[in-house]
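Following: one structure in C-alpha cells, then a few remarks.
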Amino acid sequence: MSDHRFTPDETGSPLAPAASRTPRHPHHLRYERPAETARTGPEGHGAGAARDLTVVTCACGFTTPALPDADARLVYEEHRNVIRDETG
C-alpha cells in the first residue's frame, strides 16, 4: 500500500460546493414539550388536572400551538404524509 492520499479534482464537477447547495430535505419534523407552566384544574388541584401537552415543529416553518398528546400525534402524522407526498 502506498502512503499517497487520493485527492479528487473537482474543477469540472457540476455540483456546487456544499455551503451553497440547498438542503435536500427542508423538513425536520419533531415533537417538543412546551415550557412547564403551573397546571391547575377548575377545583384548584394540580395533580389530577395535569395533561401532557406537545408542540409539533418542522424546519419548513410548520409549528403548532401546545396540543394534547393525542392531537399532536395526529398533526404530526398529517404533516409527515404531506412531506412524503412532496418528496415522493
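Residues 107 to 194 in my numbering are what the sequence shown lists, from first letter to last. Glycine included, every Cβ here is placed at the ideal spot set by N, Cα and C.
Under the rule that 16 or more other beta-carbon atoms within 10 Å means buried, what is Ala176, buried or exposed? Counting from one through the sequence shown, the residue named residue 176 turns up at place 70. Exposed, because fewer than 16 other Cβ atoms sit within 10 Å of the Cβ of Ala176.
If you drop the 5 nearest sequence neighbours on each side, which residues of the same chain put their C-beta closer than 8 Å to that of Val181? Here residue 181 refers to the residue found at position 75 when the sequence shown is read from its first residue. Val162, Thr170 and Leu173.
Would you identify the three-state DSSP class for Tyr182, choosing helix, strand or coil? Residue mapping note: residue 182 aligns to position 76 of the sequence shown, counting from 1. Reduced to three states, the DSSP call for Tyr182 is helix.
Have a look at Pro132, Ile189, Gly167 and Ala178 and flag the residue whose alpha-carbon is nearest the alpha-carbon of Glu138. Position 32 of the sequence shown, counting from 1, holds the residue named residue 138. Ranking the options by Cα distance to Glu138, first place goes to Ala178.
Helix, strand or coil at Thr163 according to DSSP, with G and I counted as helix: On the sequence shown, residue 163 is found 57 positions in, with the first residue counted as 1. Thr163 falls in the strand class under three-state DSSP.
Taking the alpha-carbon positions, what's the Arg136 to Cys164 distance? In the sequence shown, residue 136 corresponds to position 30, counting from 1. In the sequence shown, residue 164 corresponds to position 58, counting from 1. Roughly 6 Å separates the two Cα atoms.
What are the boundary residues of the beta strand (DSSP E) that Arg136 is part of? The count along the sequence shown starts at 1 and reaches residue 136 at position 30. Residues Arg136 to Glu138.
Nearest by alpha-carbon distance to Ala141: which of Thr160, Pro132, His133 and His134 is it? By 1-based counting over the sequence shown, the position of residue 141 is 35. With distances taken between Cα atoms, Ala141 lies closest to Thr160.
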